[in-house]
Structures are given as C-alpha cells and as structure tokens.
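Residue numbers (the working numbering), protein chains in the order written: chain A, 1184 to 1407; chain B, 1184 to 1407.
Cβ coordinates follow ideal geometry from the N, Cα and C atoms, glycine included.
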DNA sequence: TGCCGATTGTCAGCTACTGACATAATCTGC
DNA sequence: GCAGATTATGTCAGTAGCTGACAATCGGCA
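Have a look at this one:
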C-alpha cells in the first residue's frame, strides 16, 4: 500500500479509525515481520525456525502461516512494500518522460522516499538485500517476486504510452531489462562495501546510476 | 558436459571405457531424471513425491538425494545440460563478432545443436520450460540457476574481450540483459502456442530473434 | 447482554530433507 | 581368483516446513 504521509485518505478505507480487530492484526503482522527480520539477520535464514519466530511474537506456528504463505514471504515482506512504492512512483511520473527516463527517475525517487520516513526505512531493505544474496533459497524467491513485478511494470508502461501490452513486446522487454540492471546493481552493492559507499540510499542510487550509464555502451559496439 | 558426437575423447576421461561402477551410476542418474521428468509432466510437480520417483527407478529415497540436492535439481537437470552447451557454443564464437552478436549467434546455434542429436533433445527442454512457467517453486529455482549462469556468461565475455570482469560493469550487465531477453522470450513462447509456431527449435529461435530485434526500440525514444 | 463472524490454538499428518550406521557391491594389488 | 580398501546403497530415526480440521475465544454489533 505504500502509505505516504501526505495522503492519509485512501479510497479503500471507508472509516478513518480501523476497528480494534484490524489494528491488532496489523500489529501482529508487523511484529512477525520484525521478529523474522532480526532473527534471520542475527542467526541466518536457514538456522531460524518458524517456531522461533512465532515464539518471539508469542503466537502459534499455525498463526504464522495464516499471515504468510511460507518462510520466504515473511523475509521478503519489507521489500514487497518498497516495490509497491516504486510502482506508485512510476505511475506518477510526468508523461513527457520516455519510458526509460521515467523508470530511472522513479527508482531514485522511491529509494529517497523510502529513506525519509517509510516503513522500517532503507536500513531494513539494504540489510535484507545482503541477506538475500547470501541465501540461495531467499534469492530464488526474491527473483521470482521480482520477475512477477516486471509484469506489473510492463503494464504501467503500456498504459503510460497507450499501448497494448499483449501484442507489443517493448513494455515487457524494457521492464525485464530494467529488472536486470537493478539486479546487477544490487549484486555490485552487496559485493562492496566500497570505500566511498554511502550507507543510506545515496550509495545505492549512485551504483544504479552508474550501471544505467553503462547500459548503452554494453549493448553496442566492440568494447575496445 | 554437452557430449558432441564428433568429439568422443575428453581430457577428463583418462580411460575410454568407464568402469562398471561409473556406468551404473550414470544409468541410475539418467533413469531418475527421466522418471522425474515424465512424472512431473503427467501429474504436475507438486503432486509428485520423491518416493514416487525413487520407486519408479527402484531405488530408495535416500539414494535420490545422493544424486540431487533437492527436488528442483532433478526437474531442471535437462535444462542444465542445455545451458552448459550454450556456454560452449559461446566460447567457440569467432572473435570478430562483438559480444551481442556472439550471444545471439550462440543461442540460435545451441537450440539447433540441441535439436539434432543432443540428450533428450529439444522436446524435453520445451516441455520443461512450460512446466516451469506454471510452477512457482520451479520458476524460482530456475531463475536462480539462470542468474548464476549469467555470472559464467559474463566471465566468458570478459575473457573474449580481454577485460577484467571485476571492474568493468559491461560484461555482467550485458549477460543480465541477455538473460532478460531470453526469459521474456520463454514467457512469450509459453503463453502461445501461436498458429504459425514451429514445434521444434525453430519456433523458439524465431521468437527470441523477434525479441532481440525489439531490444533497441524498447530502450530508446518515445515508442510513438 | 447476547448473538455472529473472525482469529487463534491445538492436534494430527504429510512431505522434503539429513545424519548415522550397516550392508552389499565394485575396484585394487597380489 | 582372493583379501582388503572404496564406494554406492538401504534402513532408520529425526527435524522442519506446511496444511486441514475442529474447538475455543475474542471483537463487532444490535
């Protein structure tokens, strides 16, 4: 949902004040995400059991699985929010920008927006990215999620340009290339840290920009 | 290893005739891959248990896990061979081609070579691709494998061009973009079948070519 | 207050996967 | 051919992820 502080009213929230039941549910969910996140980070993903996470929040294992379909989903929940926020940023980009420009601007914007006051902040997202790179199971799940998101991105691009995503190959293709650039950037960031690397979002943004700048050169010519 | 019929002698095979033990191992492995493949295809991935596969080959479940680290690995074994073959094709491409040309040529070449007399043939690979697209777990595992292979591809490209893969971003970037084009192509192929679609490798090759041709247009300009 | 629906806990069970140990098959040097 | 070292395999027991079914409990609402 990517709640922005400037837009409290949402079409899907008829009542401003949610019932006690809803609030409680939200709280347990957040607690589960937090517990999972810190446990995974401190002892590793594989060495952390669902029972541990559930015990930390004082709920049963069964309840955990009512909130998350599986262990992966709990781990990647933080990034899921960030991705939704990116989609929203992309939707809001001015129509004057061409697709590639819009995506570059949206990814920068979303990292910065995440940094200021979003859920958990950039901190959690960056920690998670590093955990993902070093955990094969998580990496697989993350890549699948990412790939699914590319479909959404392609649809947004097609809408922006007034094209039919079913027949025109370009939206899906560009979304996939964009995803590839991001993945390589994340990898490069994870294999750092570089001496001049910013701990906040700016470090990641710089690396992503550098990769985008190399995209053209990588595709054309002889590299020499 | 991608055994080609014209090159029986291999540097890693000191003796022409492998021992009985080795041959037996190879036979059970092949049998397991075949059994897994046909069971997954006929009843679906999730509804097939390891016990079933092991029973079909008349070995214990424990033996299955001595050949494959997990269920995914057995399912994707067919594609693993194909990927190794692609890498080999890429290595053999003439140095005159630039990186993108070499990869386009290598992927076409490997699909055709797979078609003529390779293990299992194109048939199995194409069936598997469709199963993958409709099985979330398998898709995740496949994407992870694919991503890992991109590292190998990047290294091959760097070697070809005499670059250092650790510092130059282009090899990894191009490998990732190439992977993205392939993934979208596979997806498009799976969401077919189109009326004019060839059942053999040529149908897939045509789709991949079409996507490559759209890569430039997708990246530049305003799409209108 | 009292009813209704939603959330949760408990329990039983399945399946993927692993370590430990015993058995049986192959290979090696004689 | 034959002992003895290797190595593949089977059996067994156990852990962890995940699910369905049912009962208890809690929040919403008249």
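| Asked | Found |
| --- | --- |
| Of the residues B:1294, B:1245, B:1368 and B:1328, which one's Cα is nearest the Cα of residue 1394 of chain B? | B:1368 |
| Along the chain, which unbroken stretches of the alpha helix (DSSP H) at least 4 residues long are found entirely within the region 1202-1259 of chain A? | 1203-1226, 1233-1240 and 1244-1250 |
| Using 7 Å as the limit for Cβ to Cβ distance, is residue 1369 of chain A near chain B? | no |
| Looking only at its chain, what residues have a beta carbon closer than 6 Å to the beta carbon of residue 1332 of chain A, apart from the 5 residues adjacent to it on each side? | 1266 |
| Excluding five sequence neighbours on each side, which residues of the same chain lie with their C-beta closer than 8 Å to the C-beta of residue 1233 of chain A? | 1244, 1247, 1248 and 1254 |
| Taking contact to mean at least 3 C-beta pairs separated by less than 8 Å, is the region 1257-1274 of chain B in contact with the region 1306-1322 of chain B? | yes |
| Using three-state DSSP, classify residue 1352 of chain A as helix, strand or coil. | coil |
| Can you check whether the C-beta of residue 1196 of chain B is within less than 7 Å of a C-beta belonging to chain A? | Note on residue 1196 of chain B: pLDDT 35, under 50, position unreliable in the model; no value is reported. |
| Does any CB atom of chain B fall closer than 7 Å to the CB of residue 1284 of chain A? | no |
| Determine the closest residue to residue 1373 of chain B out of B:1362, B:1361 and B:1386, with distance taken between C-alpha atoms. | B:1386 |
| At which residue ranges does the region 1287-1352 of chain A contain complete alpha helix (DSSP H) runs of 4 or more residues, listed in the order of the chain? | 1304-1316 and 1319-1344 |
| How long is the line joining the alpha carbons of residue 1204 of chain A and residue 1341 of chain A, rounded to whole angstroms? | 39 Å |
| Pick helix, strand or coil for residue 1403 of chain B, following the three-state DSSP scheme. | coil |
| Can you list, in chain order, the residues of its chain with a C-beta nearer than 8 Å to that of residue 1397 of chain A? Leave out the 5 residues immediately preceding and following it. | none |
| From residue 1400 of chain B to residue 1223 of chain B, what distance separates their C-alpha atoms? | 39 Å |
| Out of curiosity, what's the CA-to-CA distance linking residue 1391 of chain A and residue 1357 of chain B? | 15 Å |
| Helix, strand or coil for residue 1396 of chain B, going by three-state DSSP, please let me know. | helix |
| With a cut-off of 8 Å, do at least 3 Cβ pairs link the region 1324-1339 of chain A to the region 1268-1280 of chain A? | yes |
| Taking residue 1362 of chain A as the reference, which of A:1307, A:1326 and A:1345 has the closest Cα? | A:1326 |
| Residue 1277 of chain A to residue 1366 of chain B, Cα distance in whole Å? | 29 Å |
| Can you tell me whether residue 1188 of chain A is buried or exposed, with buried defined as 16 or more other CB within 10 angstroms of its CB? | Residue placement at residue 1188 of chain A is flagged as unreliable, the pLDDT there being 36, under the threshold of 50; a coordinate-derived value is accordingly withheld. |
| Any beta carbon of chain A sitting closer than 7 Å to that of residue 1311 of chain B? | no |
| Using the three-state DSSP reduction, which class does residue 1362 of chain A fall into: helix, strand or coil? | helix |
| Report the rounded CA-to-CA distance for residue 1289 of chain A versus residue 1402 of chain B, giving the unit in angstroms. | 16 Å |
| What is the rounded straight-line gap between the Cα of residue 1291 of chain A and the Cα of residue 1221 of chain B? | 47 Å |
| Does the Cβ of residue 1274 of chain B have 16 or more other Cβ atoms within 10 Å, making it buried, or fewer, making it exposed? | exposed |
| Run down chain B in chain order and give the residues with a C-beta less than 8 Å from the C-beta of residue 1394 of chain A. | 1352 and 1356 |
| Does residue 1326 of chain A have its Cβ less than 7 Å from a Cβ in chain B? | yes |
| So which residues on chain B does residue 1330 of chain A lean against when the C-beta distance must stay under 8 Å? | 1322, 1326 and 1366 |
| Compute the Euclidean distance between the alpha carbons of residue 1228 of chain B and residue 1329 of chain B, then round it to the nearest angstrom. | 20 Å |
| With a 10 Å radius around its C-beta and 16 neighbouring C-beta atoms as the bar for buried, classify residue 1350 of chain B as buried or exposed. | exposed |
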